[in-house]
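Asks: One structure, as structure tokens, below. Some questions next.
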RNA sequence: GCCGGAGUGGCGGAAUGGCAGACGCGCGGGACUCAAAAUCCCGUAUCCGCAAGGGUGUGUGGGUUCGACUCCCACCUCCGGCACCA
């Protein structure tokens, strides 16, 4: 059996995707398959994370968009009304750096790249509703960043504050905590420095609890992303306790999660940046105290981490009084206490905290057990800190309580006496949005000598980026050197004012673009309440895992704020989140398998690939490589396999034509029909759970079945199989399937030809192969009618397994209908 | 250290607790060809065996079960995140 080539005369042309791919791209665009009027009823809103228009797309980028297009086409074939827009995250540093390098304007570079990328999408056969296209660098878009900034300001959710911030000397700007990775700038890896600066913040900490709680209502987000966000938010329950600075009435507050150990505190430790540390400069006993402080404060995060947890400190000379027992505790400055977390001061309990233990050991500070675990007593000498639970000892009135109980009791005690408070703290910091760069949304405020910080009234928005800027001529932010931009009028008093020259973090843009897509042509307001109510939330959001914290947390924050403002109908923007894995490749330069990137020299360009094999080959291969959520390595051999598959499908048109009038036979017809309908069932199921890889495997099997039965089945059945194959493969290989569909004589696009349904009755009446086990070992199989009774199945299985059963006693028979029969025998 | 995910042929990978290795790549053999490429057909976990057949196999060790890649416990390795967070 196999491929019997039909006579030369009727042979179709060889598979040549160059010949028809562009044609179909044009037809799809012209017919407007992707356009949706959002004034109408919502069916489904799907979205890919909008890209930064960097210009060069490689096959690794393709994965995201190809997967999305595959799902989109499936939905369209199934007759659904789907909003699937695309836009550009168009502000950002690369454009500005390119402008400096080439002496152009960031806009030119950006617009050119957008053009290139749109063209790339088209050549991949990817459809979007381009009528909804937006670019965040357009005043039409970013004016709403400014408008929303004003709303945040109204509610006290935007504020200007001073705090130690991360400064990247290479990018010449500050960064949010979320944008610092391993102590370096996430973009350029330059170590960041801490600087005390006045900057604009969004009060995301106000929403910490709700950001945390909301995660529980997102069953269709991966645990990975949710865990990352939970870690980032870093909730911990504890107690603030107010100590007194000895010899004064001055309080010094610490935060602890282990108030149950407070009788074991033998010293207090404060961060080098703590105000008290500075005040003790003159009186501290160690001569190098001041130098020590300066050294710690000037350390970068990276340097601090490089010290590998080595505990170091100096005695300040001051003492704190423990409000629980009146004991005086020496106050030390310690390198392991962070000013950013809690109050920047801790009570140190060496017996029950590893860090405190290490520090106390080094500086010969007493260690006092107050929690006795199993086998421990009040006088146990510890070789290491005991951090587990136990019975409270050496703790006055609390002795004998279980540590968990005393944690609550002591908290209540402190509250009643007025020197403490049970409290929840978070690791999450407020979102620093100021950037000292040009290519971003101007922060809409002015500084007036008389009125101070004055926001630009809504009616005067947008504050537009000036265009008379020469790039590369001055250090730092060119806005700060633009006299026309700087000079402003105070909206309040009409006097002269200086305009804010910082721009907004580009993550502000991406925090709400998915809302603008619903009403991109509404010009008098940010959002159209009706349409937003109709279409939000996004049902399916596809993007890379690299945004697990940054974009996805900021967007959730914005959405919750908007919910509180009554602007959106619910409080989580993305129902289902699908994170596709990276495509990697071997890099000659580094000798490793790594993420594709220009700098690693391991990119595969889609241009050459499309020129040689066509876009469908790249699509099929990309989807076939492995499950889309996993990381996979690109292989040129694998591409050839995808090409071969498409070629075989193409070649089958001759087979179908040759079989057209043949009568077939009942057995062959049934066999091929079963193969066809099983494929329909499997492809439908697999695609709906985002497994295009196994869906393609099923298509390959159907293709093999058609080859196998083409000469024996009737022309009608062969054609049915082939038409199903074309419909089923359309989401993965849209050009090839459309062309073949048309060659079969169908005037309508596959996008309007429906999705096949399978004949459940046909599949249900097929004989089933039932496994036969003896003592748990798989021995043989029997073919049975579906739904065979236990008696029938057991009898057949007993006969088939006679060889293994012999005359042994059958103790038990387990029958799983249509699956297996298992004998348990004795002896 | 804590949290999440993963470990299956030469490779990418399939398998609601019920025939492990679908499908593809690669490799071997064959057909076609003067020859090669392309294409098509057959084979391809491993060990014993000419074969029929049988043994062993899903990171390691235990457990639950008639039956475990799948569930439970302990451990190892890799990937990702957080990390002196009090």
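In this note's numbering, the protein residues as written are 1288 to 2114. By construction, the Cβ of each residue, glycine as well, lies at the ideal position given by its N, Cα and C atoms.
Compare the beta carbon distance of residue 1318 and residue 2038 with 9 angstroms and say whether it is the shorter of the two.
Replies: Yes.
Asks: Name the two residues that bound the continuous alpha helix (DSSP H) containing residue 1866.
Replies: Element bounds for residue 1866: not the alpha helix (DSSP H) but the beta strand (DSSP E), 1861-1867.
Asks: With distance defined between alpha-carbon atoms, name the residue in 1677, 2059, 1650 and 1750 nearest to residue 1663.
Replies: That would be 1677, whose Cα lies nearest to the Cα of residue 1663.
Asks: Nearest-angstrom Cα distance between residue 1924 and residue 1887?
Replies: Cα to Cα, residue 1924 sits roughly 21 angstroms from residue 1887.
Asks: Is residue 1992 near the ligand MG, judged by its Cβ being under 8 angstroms from some heavy atom?
Replies: Annotation note on the ligand MG: not contained in the displayed structure, which lists no ligands.
Asks: Which residue or residues does DSSP assign as beta-bridge partners of residue 1454?
Replies: According to DSSP, residue 1454 bridges with 1461 and 1480.
Asks: Can you give the beta carbon distance from residue 2052 to residue 2073, rounded, assuming they're within the 8 angstroms contact cut?
Replies: Yes, they are in contact, since the Cβ atoms of residue 2052 and residue 2073 sit about 6 angstroms apart, within 8 angstroms.
Asks: The beta strand (DSSP E) spanning residue 1770 covers which residue range?
Replies: It is not in any beta strand (DSSP E) - residue 1770 instead sits in the alpha helix (DSSP H) that spans 1770-1773.
Asks: Over the uninterrupted alpha helix (DSSP H) stretch that includes residue 1909, give me the two end residues.
Replies: 1902-1911 is the extent of the alpha helix (DSSP H) around residue 1909.
Asks: Return the CA-CA distance between residue 1521 and residue 1379, expressed in angstroms with no decimal places.
Replies: Going from the Cα of residue 1521 to the Cα of residue 1379 covers about 29 angstroms.
Asks: What's the gap between the Cα of residue 2027 and the Cα of residue 2005?
Replies: Approximately 15 angstroms between the Cα atoms of the pair.
Asks: Tell me whether residue 2109 sits in a helix, a strand or coil according to DSSP, three-state version.
Replies: It is a strand residue.
Asks: Do you know offhand how far residue 2065's Cα is from residue 2078's?
Replies: Taking the straight line joining both Cα atoms gives about 20 angstroms.
Asks: Less than 8 angstroms between the CB atoms is what I'm expecting for residue 1694 and residue 1702, so what's the real figure, rounded?
Replies: The pair is not a contact, with the Cβ atoms about 13 angstroms apart (cut-off 8 angstroms).
Asks: Looking only at C-alpha atoms, which of 1777, 1770 and 1752 sits nearest to residue 1737?
Replies: Among 1777, 1770 and 1752, the Cα nearest to that of residue 1737 is on 1777.
Asks: At the level of alpha carbons, what is the spacing between residue 1807 and residue 1788?
Replies: Each residue's alpha carbon lies about 28 angstroms from the other.
Asks: Compare the Cα-Cα distances from residue 1480 to each of 1463, 1617, 1496 and 1946 and report the closest residue.
Replies: Cα-wise, what sits closest to residue 1480 is 1463.
Asks: Return helix, strand or coil for residue 1735, following the three-state DSSP convention.
Replies: Looking at residue 1735 - three-state DSSP - the assignment turns out to be strand.
Asks: What are the start and end residues of the alpha helix (DSSP H) that includes residue 1994?
Replies: Where residue 1994 is concerned, the enclosing alpha helix (DSSP H) stretches over 1979-1996.
Asks: Evaluate residue 1423 with the Cβ neighbour count: other Cβ atoms within 10 Å of its Cβ, from every protein chain shown; 16 or more gives buried, anything less gives exposed.
Replies: Its Cβ being crowded by 16 or more others within 10 Å, residue 1423 is buried.
Asks: By alpha-carbon positions, which one of 1721, 1384, 2094 and 1405 ends up nearest to residue 1396?
Replies: The shortest C-alpha separation from residue 1396 is found at 1384.
Asks: For residue 1873, write down the residues that DSSP places opposite it in a beta bridge.
Replies: Bridge partners of residue 1873: 1880.
Asks: Decide if residue 1526 is buried, meaning its Cβ has at least 16 other Cβ atoms within 10 Å, or exposed.
Replies: By the neighbour-count rule (16 or more Cβ atoms within 10 Å), residue 1526 is buried.
Asks: Give the DSSP-derived three-state secondary structure of residue 2096 in the structure shown.
Replies: In the structure shown, residue 2096 sits in a strand (DSSP, three-state: E or B).
Asks: Output the boundary residues of the alpha helix (DSSP H) element that contains residue 1710.
Replies: Not the alpha helix (DSSP H): residue 1710 falls in the beta strand (DSSP E), residues 1707-1712.
Asks: Short of 7 angstroms in beta carbon distance, which residues of its chain neighbour residue 1889, apart from the five on each side in sequence? Order them along the chain.
Replies: Cβ within range, chain order: 1872, 1873, 1874, 1881 and 1883.
Asks: Leaving out the 5 sequence neighbours to the left and right, which residues in its chain are closer than 7 angstroms to residue 1456 when beta-carbon positions are compared?
Replies: Hits under 7 angstroms: 1477 and 1480.
Asks: Among all the DSSP beta bridges, which residues are the ones paired with residue 2102?
Replies: Note: residue 2102 sits in a beta bridge opposite 2108.
Asks: Would you list, in sequence order, the uninterrupted beta strand (DSSP E) runs of no fewer than 3 residues that lie entirely inside the region 1474-1535?
Replies: You should have 1480-1489 and 1523-1532.
Asks: What does a CB cutoff of less than 8 angstroms around residue 1338 pick up in its chain, not counting 5 residues either side in sequence?
Replies: For residue 1338, where only same-chain residues beyond five positions count, the Cβ hits under 8 angstroms are 1348, 1375, 1376 and 1404.
Asks: In angstroms, rounded to a whole number, what distance separates the CA positions of residue 1621 and residue 1600?
Replies: Each residue's alpha carbon lies about 4 angstroms from the other.
Asks: State the beta-bridge partners of residue 1633 as determined by DSSP.
Replies: 1556.
Asks: What is the DSSP secondary structure of residue 1294, reduced to helix, strand or coil?
Replies: The predicted position of residue 1294 is uncertain, since its pLDDT is 41 and thus under 50; no value can be drawn from it.
Asks: If residue 1532 sits next to residue 1635, beta carbons under 8 angstroms apart, how far is it from one beta carbon to the other, in whole angstroms?
Replies: So it is not a contact: roughly 16 angstroms between Cβ atoms.
Asks: According to DSSP, simplified to helix, strand and coil, what is residue 2041?
Replies: Three-state DSSP puts residue 2041 in coil, outside helix and strand.
Asks: Kindly give me the distance between the Cβ atoms of residue 1454 and residue 1482, rounded to whole angstroms, as I take these residues to be in contact under 8 angstroms.
Replies: Yes, they are in contact, since the Cβ atoms of residue 1454 and residue 1482 sit about 4 angstroms apart, within 8 angstroms.
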